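> Before we start, here is the structure in question, set down as structure tokens.
There are 2 protein chains.
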Amino acid sequence: MNMTSKFMRKGELTRAAILDVALDAASRDGIEGLTIGLLADKMNMSKSGVFAHFGSREDLQIEVLKLYHHHFEQEVFYPSMKEERGLPRLQSMFALWVKRVTVEIASGCIYISGAAEYDDRQGPIRDELVGMIHAWQGALRRATTQAIQLGHLRPEVDPEQIVYEMYGLILALHHDARFLRKPGSVDRAEIGFERLIENYSRQTAEQV
Amino acid sequence: MNMTSKFMRKGELTRAAILDVALDAASRDGIEGLTIGLLADKMNMSKSGVFAHFGSREDLQIEVLKLYHHHFEQEVFYPSMKEERGLPRLQSMFALWVKRVTVEIASGCIYISGAAEYDDRQGPIRDELVGMIHAWQGALRRATTQAIQLGHLRPEVDPEQIVYEMYGLILALHHDARFLRKPGSVDRAEIGFERLIENYSRQTAEQV
DNA sequence: TGCCTAATAGTACGAGCGTTCGATTAATTC
DNA sequence: GAATTAATCGAACGCTCGTACTATTAGGCA
Numbered sequence: 055m056n057m058t059s060k061f062m063r064k065g066e067l068t069r070a071a072i073l074d075v076a077l078d079a080a081s082r083d084g085i086e087g088l089t090i091g092l093l094a095d096k097m098n099m100s101k102s103g104v105f106a107h108f109g110s111r112e113d114l115q116i117e118v119l120k121l122y123h124h125h126f127e128q129e130v131f132y133p134s135m136k137e138e139r140g141l142p143r144l145q146s147m148f149a150l151w152v153k154r155v156t157v158e159i160a161s162g163c164i165y166i167s168g169a170a171e172y173d174d175r176q177g178p179i180r181d182e183l184v185g186m187i188h189a190w191q192g193a194l195r196r197a198t199t200q201a202i203q204l205g206h207l208r209p210e211v212d213p214e215q216i217v218y219e220m221y222g223l224i225l226a227l228h229h230d231a232r233f234l235r236k237p238g239s240v241d242r243a244e245i246g247f248e249r250l251i252e253n254y255s256r257q258t259a260e261q262v
Numbered sequence: 055m056n057m058t059s060k061f062m063r064k065g066e067l068t069r070a071a072i073l074d075v076a077l078d079a080a081s082r083d084g085i086e087g088l089t090i091g092l093l094a095d096k097m098n099m100s101k102s103g104v105f106a107h108f109g110s111r112e113d114l115q116i117e118v119l120k121l122y123h124h125h126f127e128q129e130v131f132y133p134s135m136k137e138e139r140g141l142p143r144l145q146s147m148f149a150l151w152v153k154r155v156t157v158e159i160a161s162g163c164i165y166i167s168g169a170a171e172y173d174d175r176q177g178p179i180r181d182e183l184v185g186m187i188h189a190w191q192g193a194l195r196r197a198t199t200q201a202i203q204l205g206h207l208r209p210e211v212d213p214e215q216i217v218y219e220m221y222g223l224i225l226a227l228h229h230d231a232r233f234l235r236k237p238g239s240v241d242r243a244e245i246g247f248e249r250l251i252e253n254y255s256r257q258t259a260e261q262v
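These protein sequence lines are chains A and B, in that order.
So in the working numbering, spot 11 of the first sequence is number 65, and the numbers just go up one at a time.
So in the working numbering, spot 185 of the second sequence is number 239, and the numbers just go up one at a time.
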């Protein structure tokens, strides 16, 4: 799970350790809440010792984003790609995504908190974040398109609409479970997704 | 729209003006991004001059939340309460909510950004925010319950599920339109809502 | 072991933060 | 208009921030 090995040089090792701690801190307090001094405390190092591993705070923040992205890929994206194309893969993507956000209720999803933090700023951090979320939405869209091509979903379905609603269900999960601490949110996310698929996979009285 | 009048004392007048500017700033940079010095600059006042109107920064932040809540009620809640009970009222609530978020794409919805900022902090600001969002979700739930009682929605429908999915559609709208700047998001929110209502208002092949 | 370089510590700087306090100006009341 | 109170300013405090420098320690290799 973590990216260290005993064959790394000392510096790379502590750098990786700092990033692990930084990811944890950023999950809780946001990317913008990351602070060199705070990391130094948690690492029992001096500020300058921590700082020396990154050219700037901004670089550190971007490295944290990349690390989060890596974890997300490992836990959600790659396992789903092993499922067969079409609906099974799409369902796996959603299920693992829910699972991950559920685990993250205590810590927080950086894609979601980051989107709120950087919706009005510009610069490299925002660009990095937008790129990652585009990548994930793109993967969802491709899986949906394949599900349509394979006849799992109705041909006139708009993949963007599916992705939009899936994202909404996850955002609501994060909102209700993490912020409001309301129980039962996971069930509601899953019910919503089942209704979404049910709705777009079978013929109903009037088609669009 | 703003809450000033020529019969107020000078102090109350500038206090209200500061809050207007603060609300605007907080919409963009978040409640946590509010800064006395920044407000002083925008108001062409001294830091201490601004500060004197509030006992602390935290008080200022809470006042900003209350002002936002007031606007939200005026634009979304009260107009919807004039619609007839049940589905029409629920539809009005969603439509005005979408309309408000659409207008806010340039500035930002404080309920949504605040939820991300305070999902892991505690204190009076979080409490205030949670209270407001509970109030709004409660209103949505009541409208849904009435729609069920009046036969507009199927009797076995779970109001919490409806509110959850409505909230998700709005969160996705905020995410895609404001953060990703993706066009067509408003349409997707409305299509999602229509499908939601359609789905829970009519008999389908197998009921839950 | 000794050397060279990599890794960390220590200190300092300038800026911005919320807040306090006393002085000063403006508005309100008599 | 004078007296009184409200509103605003200006300077200062202690704190934390990111970053730049130099000094010191530890690691890796001959």
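Each residue gets a CB set at the ideal place from its N, CA and C atoms; glycine is no exception.
For clarity, every value in this text was computed on a predicted model and none was experimentally measured.
Take the Cβ of B/Asp230 as the centre, count every other Cβ of all protein chains shown within 10 Å, and call the residue buried at 16 or more, exposed below.
Classification for B/Asp230: buried.
> What's the gap between the Cα of A/Arg242 and the Cα of B/His188?
Going by the C-alpha atoms only, they are around 17 Å apart.
> The segment 76-90 of chain A: which residues have C-beta closer than 8 Å to a C-beta of chain B, in chain order?
So the list reads Arg82, Asp83 and Gly84, given in the order they occur along the chain.
> Out of B/Ser239, B/Ala160, B/Gly65 and B/Pro178, point me to the one whose CA is closest to B/Leu119's CA.
Looking at the Cα atoms, B/Pro178 is the closest of the given residues.
> Taking 8 Å as the CB-CB limit, is A/Gln261 close to chain B?
Any answer about A/Gln261 is weak, because its pLDDT of 45 lies below 50 and its placement is not dependable; what the coordinates show is given next. No, because no Cβ of chain B sits closer than 8 Å to the Cβ of A/Gln261.
> Does the beta carbon of B/Glu214 sit closer than 8 Å to a beta carbon anywhere in chain A?
It does: the Cβ of B/Glu214 has a partner Cβ on chain A nearer than 8 Å.
> Whose Cβ in chain A lies nearer than 9 Å to the Cβ of B/His123?
Within chain A, no residue comes near B/His123; the closest Cβ sits about 16 Å away, beyond 9 Å.
> I want to verify the contact list: residues of chain B whose CB lies under 8 Å from the CB of A/Val184, in sequence order.
Correct list: Phe233 and Leu234.
> Give me the Cβ distance between A/Leu88 and A/Gln115, rounded to the nearest whole Å; I'm assuming they're in contact under 8 Å.
Contact holds; Cβ gap of about 6 Å.
> Whole angstroms are fine: how far does the CA of B/Glu66 sit from the CA of A/Asp181?
About 42 Å.
> Given A/Gly192, which residues of its chain have a CB within under 8 Å of its CB, disregarding the five upstream and five downstream residues?
Closer than 8 Å at Cβ, skipping near neighbours: no residue.
> Take the Cβ of A/Arg69 as the centre, count every other Cβ of all protein chains shown within 10 Å, and call the residue buried at 16 or more, exposed below.
Answer is buried; the Cβ neighbour count reaches 16.
> Could you check the C-alpha separation between A/Thr258 and B/Gly84 for me, to the nearest Å?
Any reading at A/Thr258 needs caution, since the residue's pLDDT is 49, under 50, leaving its predicted position unreliable; the model's value is listed next. Rounded to the nearest angstrom, the two C-alpha atoms are 44 Å apart.
> At a CB-CB cut-off below 8 Å, which residues of chain B make contact with A/Gly246?
Chain B residues near A/Gly246: Gln215, Tyr218, Glu219 and Gly222.
> By DSSP, does B/Leu144 sit in helix, in strand, or in coil?
B/Leu144: helix per DSSP, three-state reduction.
> Buried or exposed for B/Gly205, please, with buried defined as at least 16 other CB atoms from any protein chain shown within 10 angstroms of its CB.
Looking at its Cβ environment, which holds fewer than 16 other Cβ atoms inside 10 Å, B/Gly205 is exposed.
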